[in-house]
Structure formats: C-alpha cells, structure tokens
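Chemist: Take this structure first; my questions come after.
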Amino acid sequence: MNMVLEAPHLPPIGKRLRQEASRDDRIKLGFMAVIGLYLVVALGAPLFVMLSKSLSTYRFELSAFEFQVSDEAGANWGAIVNAADLNRQLEALTEAELPSSSDGRLAVTKFFPDFKFRSPVHYRIRGTTDDAAFLVGSALEKGTEWREYDSGTFRRVVLRPARTLGVENFTTYFATPALAQSIYNSVLMAVISTAFTISIAFALAYGLTRSCMPLKALFRGILAIPILVPSLLPGIALVYLFGNQGIFRDWLLGYSIYGPIGIVIGSIFFTLPHAFLIILTALSVADARHYEAAASLKASKWRTFTTVTVPGARFGIVSAAFVVFTLVITDFGLPKVIGGQYGMLAVDIYKQVIGQQNFEMGAVVSVILLVPAVLAFYVDRHMQKRQVALLSARAVPYQPKPNARMDGLCFAFACLVSLFILGMIAMCQIAAVVKFWPYDLTLTAKNFAFDLMDGGGWAAYGNSIRLALLTALFGSIVVFAGAYMVEKADGFRLGRGVFHFLAMMPMAVPGMVLGLAYIFFFNNPANPLHPIYGTMTILVVSTVTHFYTVAHLTALTALKQMDPEFESVAASLKQPFHRLFFRVTVPVCLPAILNIAIYLFVNAMTTVSAVVFLYSTDTKLASVAVLNMDDAGDIAPAAAMGMMIFYTNVAAKLVHALIARGLLARTQAWR
Amino acid sequence: MRHALSIEPTPTSRQHFADDPAAEPAPYLQISDLWKTYGDFVALRDISLSIARGEFVCFLGPSGCGKTTLLRAIAGLDLQTQGTILQDGRNISTLPASSRDYGIVFQSYALFPNLTIEQNIAFGLENTGRSKAGVASRVAELLEMVGLSAHGKKYPAQLSGGQQQRIALARAIAISPGLLLLDEPLSALDAKVRVHLRHEIKALQRKLGVTTIMVTHDQEEALAMADRIVVMNHGVIEQVGSPTEIYRHPETLFVADFIGETNQFPARVLGDGEVEIGHSAFCCSTEEFSAGHAATAVVRPVDIIPHGADAHAANAIDRPATPQNLIDAEVQEMEFLGMFWRTRLTAPRLGERTLVADFSVNAVRRLRIETGGAIQVEIPRDRLLLYPRGA
C-alpha cells in the first residue's frame, strides 16, 4: 500500500511507443489514402476552385501596357505611349467597359484610329509588369520585353484582363435587383413549401402510426413514388393540369400556375416522401408507456397529442423541415419548368452559366446557395444526434386502438394525398400517350419517338441507364469501403476524422454548385484530370459524390451494428483483415449494400442538377432530355421521357427486391 | 554508511533466483513499468507484473480501474504509452496484435453471425497450411471439448448465451495459443450459467495448461477461478496474491473493502498491540504503526464471533480468546439471507456506529439471538485490521 502512495504521478519523460505496422495496417492506410484522395479530387478541390472564382474579378488594366509605333518606313520609332494615356486622349473605351470576365479580350487596334492592316507601319508592345498578358492570335505573351509586329499581325493582338481577388462580384450581385430578388424568392418558396409539406407529412405519418386505418402498406408504397421521378415531372404535370391549356385552369381563379403557385405545389410533391419517412421514423419510436401514463392521468386527447406525440417527434419534425427546406431551395428542375419569370437561386446559376456564360457570377450565386444548405445541414446533424439519444431508451412499442371516427379521418386524408400523387403521375402518363392533350385524346406512340426531337433521343435514355448502373456499382464499392475505413480501421484517428468530414460534406452541397465547381476544376487544360471532362466518367464521379453522404451514413449504420471486436478476434487468429471483410463484414452488411446501390441507381436516373453542366453531346442523359425537350416546347415527349425514367426506376426497385430476397435467403440464413 | 548503501545494487527477488534457476523458472509473461495515458488521464500507472507459465490470473477491480486496458495492451489492441511486455522471452511491446501469440474471448462473444459454429471455430485454422480433413477433425475435437458436438451446423443466434461463449472459447483455443485472454467472459450470462461455465473454463484451462488472464469485476468469480488475483484500482495494482491471501490479508483498505464486506471504524493507535475505537481500547496487531497514529480499523461481518448473553458465565461453551475484545451489544435488526443471518448491532463501547455481523443459522438458534436481545460478541484479535487513515 505504501508502494501505491510512492508511485510516480506522471510517466517518466521518454519516447511514446509506436506500434509496428502490420501488413494489414499498411493496406488499410493505402486504401484510405486512395478513397480520401478521391473525395479531395471529387469534392474538396472543385469547391475550393469555385470559391476562388467567386472572389475573382477581371478588369483590363490599360496602364499595364505600352506601345511604340514606327514610321512608314518601319524603321524609326516614335515615342513610347501608355495604353491608359491613349485611351484618355481617344476615349475609345468608357470606364464601364473595362471590367471583364476570365475570358475577356480587348483588341489593341482600338487605340489606333488610323490603323490599317496592310500599312508598312510596325508596332511594338510590352507590359509594364510581369503579369501583363496579351494574346497574339491564340499565343499567350507576357512580360516587359518589347515585342514587334507588322500591322497584319498587330491586328490580331488582344489584351487580357488582370485578375484581382475581392468581394466585388458579390457587390455586383447584390446591386442587381433581379438577382438579389432571387434570394428572397427562394427563401420564401422554401419556407412556404416546408410549412405545407411538413404539415401533410406529419398528418400522414400520424395516421399510419397512431390509427388503425386500412391499407397502410399501400399508402406507404404510393408515398414513395415521387422519389422515382425527376423533380421536373410534377412541373410538367402541373403545366398540363393548370397551364394555359390545362383543364383545371379555372380552379386557379385567374392566377397563373407559372410561378410561386406551381413551385409550391410541385415542391410539396417531390419533397413529401423525404419528410414523410423522417417523421414516420420519429413517430414510430414512440413509447406506449407515455400514452398509458397520460391516459391514467386522465389527459384529454388533445393534451396527449400536444404533450406526448409532438414533443416525442420534435427532432424528427425539425430534421424533416430542414431537409425539405434544403431540397426546395437547391432544386433546379421544378422552377425551371414551372417557375416562369419568378427568379430562383438555382435557376439563376443555370442562366448565368448556360445562358450568359458568366461563370464568375454563377460561382457567386453558388456560394450564396451554399449558405442555407450548409446551415440546414448543421442543424440537421445536430438534431439527428439528439434523436439517436431518444431512440436508445427502452421503449414499449405503441399499439393503436381502433377508433372509427379517427381512423376514417386518417384514411380519407391518406386517400386525398394519394390521389394528388397518383393524379400527377397519371397526368404525365396520359400526356405521354395521347396525341394532343386535351383536344385529341387518341392514343399514340409518337411522343416516344425521341430520336425525332432535340434532347438526345433514345441514346440519352441508354446513357442514363449506363450512368445509373455505373454509379450504383462503383458508388457502392467506394462508399462501403470508405465507411469501413472510417468505422473499423483503428489508429490514423486524424485521417479518419478528415475523411468522415469529407464524406458528410456532399449533403450540404447543392447539385448545381457541385456541377459548376466541376466545370471550374476539370475544364482547366492545366488539370491532369482534364481528359475526363465531357465523358461518362465525370458524370459517374459527380453523381457518386453528389449522393455520397446518405449512402455513407447507411453503410456506417450497418457497420456500427457489427461487433467492434470482430477485428480484434481476426487479428488474434492471425487472419488478414480482408478475409474477415469478405467472409463476414460484406455478407452481414449485404442488405445495406444493396440499399445503397438502389439508392444511387434511382438518384442517378432522376438527377438533373449536377449533370446539367457536365454532359456532352455523347453523354446526353434522359433527365436532361426532359429538361431540354420541355425547354424546346416538346412538352408531351418530355413527359414521355419522364415516364420512361419512372418505369425504369420501378423496374429497378422490383429487381432490387428480387435480388435482395434471393441473395438474402442464401447469405442471411442466420437471421 | 548511507552513501555505501546507495551505490550497492538493491537485492531483488529476480537476482536472488538467478543464483538458482531451478528454484523459480523465468516468468512466461513479464510486464515492466507500463503506462497508459489518454491526454491528461492516466489509465495505467507504472504497472509491473510477472505471470508464470500455466498460471490462471484474474485482473479484478471496479469499472474504470484499468484492468481491461491492461489486457488490451497485452493483446496489442490498445498500445501502452510506455513500458515493455515480454512473452516467453520475446519482446512483444510494440508488435501488432496479429504478430502476438494469444487467443481472446470477449464479453460479447464476438462470434461471426453469418458463419456456422463449425465455420467460426475453423476461422483461425484455415489458411494455416492444414488440410481440410485436418481442420475438420480439429473442429470436431474442439466441439467435443466444449460439449457442443451436436450444434456444429447451427448459427450462433440459434444457441444460448452460455453455448455461444463456449464456442468463442473453442475458437480462441483452436490455434493452440500460448496465452488465453478472457475479457469479462461471463458478465453477460445468467447467474446459474455463469457459475456452471466458470467451472468448465477452469477445468479446461487446467487440462490444457494454457497461461490464462481473465478480466472481471466480480470478486466471487475471481476468488473461485484464479490461482492469483491482481486487484487494481485507479490504474495501479493494489495487491497481487492468491485468493486466500487477498481475502485474509488485504494490504490496503481498498482491497479489504472491495473483496468481501467490511465494518470500518475510525481508530487511533494507543501503543503496542492496542488501538482505540469509539471509547475503549481493543487488542490487535499494530505493526507499522506508532502510537498516536490515526487509522481505520476494519473487521469483516463473518469474522465476528457470537458468545451469547454472557460469555464469562460458568456454563459458556466457548470462552473468548481475547477478553479485551469482547463487547456487549444489542441486536437492532436481523435479516435472514438464507445461508446466514445478517445482524446490526449497537454497542456502547463502539460509540454511535453500528456493527454488522453475520451469524450462522446454527449459532442464532443455539444462542437464541433475537431482535432487541442482548448479546456478547468478540472481535478476534487477528481479524481486526488496521489501515492508515485516508488511504
């Protein structure tokens, strides 16, 4: 006992021991480095480049260039003149014409009014700084050396703008009323849609968990439908129902569907499944004992609802609200189709980049769009953590008791919502197969003759299937391997933390932003990865990255359910980790891996936002074809293509169910 | 003189035995000056321990005492911050887990759920150059050994907890490791299964002769199974000894309190062989203490001897060994616990404090002990233990 008292309180100062790395450790480290590198290249670096773009402004710095002109003989040189001085004398360019973009070019002949390109006069040009750059044809020249050109060549000399870092782009953005208005519009639409969606989703989830209404499984199935179609499709359905030729146009009392009304209705349609699933989960964990306690205390139904039901699900509700808010504010397809002149942030990016080729302004809008998405992401993560804590309590599952009035009410409401969802899909289905809605309702297949229309034809549909399959295959492998490294590799704590952070980031990055960032990063000839630009590879990479987080979390959840000591046992039995991985980890996690694959497949089929910037003529996609055909006025074929995506996803879901059943029967016998 | 002492090498037991190697063989596992820190928190503080070949050692202590951390350091699962570990003469301090020689069993069993019982046991045997038939016969032998031959084709989820833990044990010993590590192997099981399995593990260990370390927080388990117990608290070893040594002669108040139950009284050492508790003096061994020293006096409830109402009476059956330690007491409460009675006594000599004493059913009947009755009890001289106050 005296020994204890005399024991030193700190270890003698010396070197900390380091464990000798086993072969397994080295392999794991290598794997982690590869997947980490993937996330850096596919996410971190593009976003960084985009951020720097948004802060870059370009302007012709005339004072950085000097000229000298020879006489007719081409031998005797005149005085050295500065371009800025010349401009002041000639007033060739106004101050407003000097700001430019990264692609800006300014012909030098503007400063020489009496320039004739066949004259024998020679010209000299040089920069006053090392950075002053100009092009001769397409050859870049830089620096303070004099360069001499005959008049024929001098005609082809153009000045390049200088790049400066600053918040000027943002100032310009906020000074442009039409653009700044989009922030207000987007937030307003997101808030209204969220309020509606959450109310509807809560009522539905409440009905499914707290009443004895019939056909619960059927309603669940119907509520999953919107996930299987691109967000453009509700827009097209709304055009048919309430548009200028719509049969229910009068219901809107003179208001137009093109604008806020259409955006809100369409947003409710495509965000409802997400909100519904989250709230359903939150309500499912309710503890029957709380209800028994409330009943024994003689609490009224309403009081029980406000003091037990709602607080129990509040984290789910808040989490769902943020998910819906983010989905609406970052969605591009729906406002593009139905938004009319109503400016929304995501559409602004598209217009700035595709319409006006103003990449810097596109980057600015992207950065602005990142703010609410990142904010929502952090609040959501915080809520999820609290929700988990709630789940861990030992709850007795709640069993609803029949109540004719209550059950009837819930059933009626679920029918109404199902009618809304099925009605939208049915509208698109009808539009796709009739000659001319609503005037000529003869059945026809002409709307499926995609090859006769712009947008990519059947090849685009084939490309989409290829993209979806490749995304599902490579995505599942990368995501599962990455999650395994985060969860099961011991040591490299810092590396795992960074990796996990990178894996969580895509959720906070809207697709439009990711797509634009990819343009900046990969469409740079100096980038060694430039060759993948415009190929299927970049589409697969962007889609995997775009949907990385949810897949990563699914894999992580499955892996967390595995005993953490499996790795220790395998090591003590001298078995390499890959043997454990393939014999135990993968088979046990197979259901989760299949879920990841189908999730990636469905989303790759429907996504528009990231890929709309990245497809090339050889890699047009079905979802983008819907957009482009709608844009060109071929609305019925757009609906038909949208329905093709829907059929494909339904088929994929069925195949997934079959494979799952077949495979699981073999590998999950132990369950 | 002091100077001379300081330069002379301190005689240690190892050097002593080095003169005569036959007297004590080199330890199978030797841990020296081991530290484990997490930031500012010290999980293991300067641990040194030797374990002989074939020995069954228990690491015993409350949760958070560092016993599992020490086991994981030995296994190479959580590397120690400093210190060396020698196994069978080989320095394994920094070897990765897969290069060490041990089998391990966890509280959670950690059986692979998608593999059958046979496949689980064979997991460590495959890829080791054994033939298929060789693996199969070894698996059959191990299943036989743990008495589960009929269950080879089942999946772990189809077996009870005790059966699963036996499979985990079979899997760990399949590769004939030099060292068997058991991390709270019985804690997840029902009380009856636990007692049964504890005998089986012990018998198996004796039969195989494999050096075994078991981590447990259950003192009964440790006392029943271990050849030697290492009692740990707050990252240090409090005492190492055989079960009887630990129980009979706890070296620290913590050990006394953690193993078995205790009555504790503030005490003051009066002089040689005498200590003051409450208002009067008792006899006990006061080695290591000088007069006036504050101490905590400890006596176990089972060690208190009942003597009926008057031990000095002529007809008394057993006379007290130390009359000075005989006290008059009143029975305040009696609690029947099946194998014995637990009583709470008050005695004027002890002051305000109650004394808990366990009496056999037989003694209670013979001496007619009852609630509210008067009784004389003796605190045996050699069972009254003293520890420094505040330790």
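Residue numbers (the working numbering), protein chains in the order written: chain L, 1 to 671; chain X, 1001 to 1391.
Built from N, CA and C at the ideal position, the CB exists for glycine as well.
Computed from a predicted model, the values in this text were never measured in an experiment.
(1) Okay, do the stretch 209-228 of chain L and the stretch 355-373 of chain L touch, 3+ Cβ pairs below 8 Å being the bar?
(2) Among the candidates V602(L), I125(L) and R16(L), whose CA atom is the shortest distance from the CA of S231(L)?
(3) Pick helix, strand or coil for V608(L), following the three-state DSSP scheme.
(4) Which runs of the alpha helix (DSSP H) fall wholly inside the stretch 49-125 of chain L and span at least 4 residues, in chain order?
(5) According to the neighbour-count rule (16 or more other Cβ atoms, all chains shown, within 10 Å of its Cβ), is M427(L) buried or exposed?
(6) For a contact meaning CB atoms closer than 9 Å, what does S1176(X) contact in chain L?
(7) Against chain L, does T1081(X) count as a neighbour if the rule is that its beta carbon must be under 9 Å from one of theirs?
(8) If you run the structure through DSSP and keep just helix, strand and coil, what is V586(L)?
(9) When the Cα of H656(L) is compared with those of Y184(L), I593(L) and P273(L), which residue comes out closest?
(10) From M1214(X) to A1174(X), what distance separates their C-alpha atoms?
(11) Is the stretch 1152-1165 of chain X close to the stretch 1178-1194 of chain X, with three or more CB pairs under 8 Å?
(12) For A1291(X) and M1225(X), what's the separation of their Cα atoms in angstroms?
(13) Whose Cβ in chain L lies nearer than 7 Å to the Cβ of S1099(X)?
(14) Between T1296(X), R1248(X) and S1285(X), which lies nearest to P1266(X) when the distance is taken from Cα to Cα?
(15) Drop a sphere of 10 angstroms on the beta-carbon of M951(X), count the other beta-carbons inside from all chains shown, and report buried for 16 or more, exposed for fewer.
(16) Rounded to the nearest angstrom, what separates P576(L) and L1077(X) at their Cα positions?
(17) Going by CA-CA distance only, name the one from A472(L), K142(L) and G152(L) that's closest to P162(L).
(18) How many angstroms separate the CA atom of L391(L) from the CA atom of V285(L)?
(19) Indicate the three-state DSSP secondary structure (helix, strand or coil) for I532(L) in the structure shown.
(20) Determine which residues share a DSSP beta bridge with Y149(L) and list them.
(21) Quick one: which chain X residues come within Cβ less than 8 Å of S568(L)?
(22) Tell me the rounded alpha-carbon separation between L672(L) and N447(L).
(23) Spell out the partners DSSP gives W1035(X) in its beta bridges.
(24) Just to make sure I have the definition right: I need the residues of chain L whose C-beta is within less than 9 Å of the C-beta of T1343(X). Which are they?
(25) Helix, strand or coil: how does DSSP classify S1280(X) here?
(26) Could you check whether the stretch 1083-1090 of chain X touches the stretch 529-546 of chain L, counting it as contact only if at least three pairs of C-beta atoms, one from each stretch, sit closer than 8 Å?
(27) Have a look at the DSSP bridge pairing and note the partners of S1360(X).
(28) Is the shortest distance between the beta-carbon of E565(L) and the beta-carbons of chain X less than 9 Å?
(29) Can you list the residues of chain L that F1123(X) reaches, using a CB-CB cut of under 7 Å?
(30) Rounded to a whole number of angstroms, what is the C-alpha to C-alpha distance between F522(L) and A180(L)?
(31) Roughly how many angstroms lie between the CA atoms of A508(L) and D348(L), to the nearest whole one?
(32) Which residues in the same chain as A282(L) place their Cβ atom closer than 6 Å to its Cβ, once the five residues preceding and following it in sequence are excluded?
(33) By the 10 Å Cβ neighbour count, where 16 or more other Cβ atoms means buried, how is I1031(X) classified, buried or exposed?
(34) Reducing DSSP to helix, strand and coil, say where F499(L) ends up.
(35) What is the C-beta distance between S464(L) and S623(L), in whole angstroms, given that I count them as a contact (C-beta under 8 Å)?
(36) Could you name the residues of chain L that N1127(X) contacts, counting a contact when the two beta carbons are closer than 9 Å?
Modeler: Once the coordinates are examined:
(1) no
(2) Stepping through the first sequence from its first residue, residue 231(L) is reached at position 231. Closest by alpha carbon: V602(L).
(3) As a position in the first sequence, residue 608(L) is number 608, starting the count at 1. The answer is coil: DSSP assigns V608(L) none of H, G, I, E or B.
(4) 83-90
(5) Reading the first sequence from its first residue, position 427 is the one you call residue 427(L). Buried is the call here.
(6) Here residue 1176(X) refers to the residue found at position 176 when the second sequence is read from its first residue. Chain L residues near S1176(X): none, gap ~12 Å exceeds 9 Å.
(7) Looking up residue 1081(X) in the second sequence gives position 81. With 9 Å as the cut-off, T1081(X) counts as an interface residue toward chain L.
(8) Counting from one through the first sequence, the residue named residue 586(L) turns up at place 586. Helix.
(9) As a first step, residue 656(L) must be located in the first sequence, where it is residue number 656. Closest by alpha carbon: I593(L).
(10) The residue given as residue 1214(X) occupies position 214 in the second sequence. The residue given as residue 1174(X) occupies position 174 in the second sequence. Roughly 18 Å separates the two Cα atoms.
(11) yes
(12) To locate residue 1291(X), count along the second sequence from 1; it is residue 291. To locate residue 1225(X), count along the second sequence from 1; it is residue 225. If I take the Cα positions, the gap works out to 41 Å.
(13) Residue numbering aside, residue 1099(X) sits at position 99 when the second sequence is read from its first letter. Result: S22.
(14) The residue labelled residue 1266(X) in the question sits at position 266 within the second sequence. Ranking the options by Cα distance to P1266(X), first place goes to T1296(X).
(15) The structure shown does not extend to residue 951(X), since chain X is modelled only from 1001 through 1391, so no value can be given for it.
(16) Looking up residue 576(L) in the first sequence gives position 576. Looking up residue 1077(X) in the second sequence gives position 77. Going by the C-alpha atoms only, they are around 15 Å apart.
(17) On the first sequence, residue 162(L) is found 162 positions in, with the first residue counted as 1. As written in the sequence, residue 162(L) is Ala, which differs from the Pro given in the question. Here the closest residue by C-alpha is K142(L).
(18) Along the first sequence, one-based indexing puts residue 391(L) at 391. Along the first sequence, one-based indexing puts residue 285(L) at 285. Any reading at L391(L) needs caution, since the residue's pLDDT is 46, under 50, leaving its predicted position unreliable; the model's value is listed next. So the alpha carbons of these two residues sit roughly 7 Å apart.
(19) Counting from one through the first sequence, the residue named residue 532(L) turns up at place 532. Correct three-state label for I532(L): helix.
(20) Here residue 149(L) corresponds to residue number 149 of the first sequence, with the count starting at 1. Answer is Y123(L), bridged to Y149(L).
(21) Taking the first sequence and counting its residues from 1, one reaches residue 568(L) at position 568. Simply A1075, L1077, A1097, I1104, F1106 and A1110.
(22) The requested residue 672(L) does not occur in the structure, where chain L is confined to residues 1 to 671.
(23) Locating residue 1035(X) in the second sequence gives position 35, counting from the first residue. Looking at the DSSP assignment, W1035(X) forms a beta bridge with Q1082(X).
(24) The residue labelled residue 1343(X) in the question sits at position 343 within the second sequence. Correct list: empty, because the minimum Cβ distance to chain L is about 31 Å.
(25) Position 280 of the second sequence holds residue 1280(X). If DSSP states are grouped into helix, strand and coil, S1280(X) belongs with the strands.
(26) no
(27) Within the second sequence, residue 1360(X) is the residue found at index 360, counting from 1. DSSP output for S1360(X) lists F1340(X) as bridge partner(s).
(28) One-based indexing of the first sequence puts residue 565(L) at position 565. Chain X contact via Cβ: present.
(29) The residue given as residue 1123(X) occupies position 123 in the second sequence. Near F1123(X) (Cβ distances below 7 Å), the residues of chain L are L573 and Q575.
(30) Along the first sequence, read from residue 1 onward, the residue named residue 522(L) stands at position 522. Along the first sequence, read from residue 1 onward, the residue named residue 180(L) stands at position 180. F522(L) and A180(L): Cα-Cα distance of roughly 29 Å.
(31) Here the question's residue 508(L) lines up with position 508 in the first sequence. Here the question's residue 348(L) lines up with position 348 in the first sequence. A508(L) and D348(L): Cα-Cα distance of roughly 19 Å.
(32) Here the question's residue 282(L) lines up with position 282 in the first sequence. Answer for A282(L): A313 and G316, listed in chain order.
(33) Numbered from its first residue, the second sequence carries residue 1031(X) at position 31. The residue in question, I1031(X), is buried, as its Cβ has 16 or more Cβ neighbours within 10 Å.
(34) As a working mapping, residue 499(L) is identified with position 499 in the first sequence. Looking at F499(L) - three-state DSSP - the assignment turns out to be helix.
(35) Residue numbering aside, residue 464(L) sits at position 464 when the first sequence is read from its first letter. Residue numbering aside, residue 623(L) sits at position 623 when the first sequence is read from its first letter. The pair is a contact, with the Cβ atoms about 7 Å apart (cut-off 8 Å).
(36) Along the second sequence, one-based indexing puts residue 1127(X) at 127. What N1127(X) touches in chain L: K574, Q575, P576 and R579.
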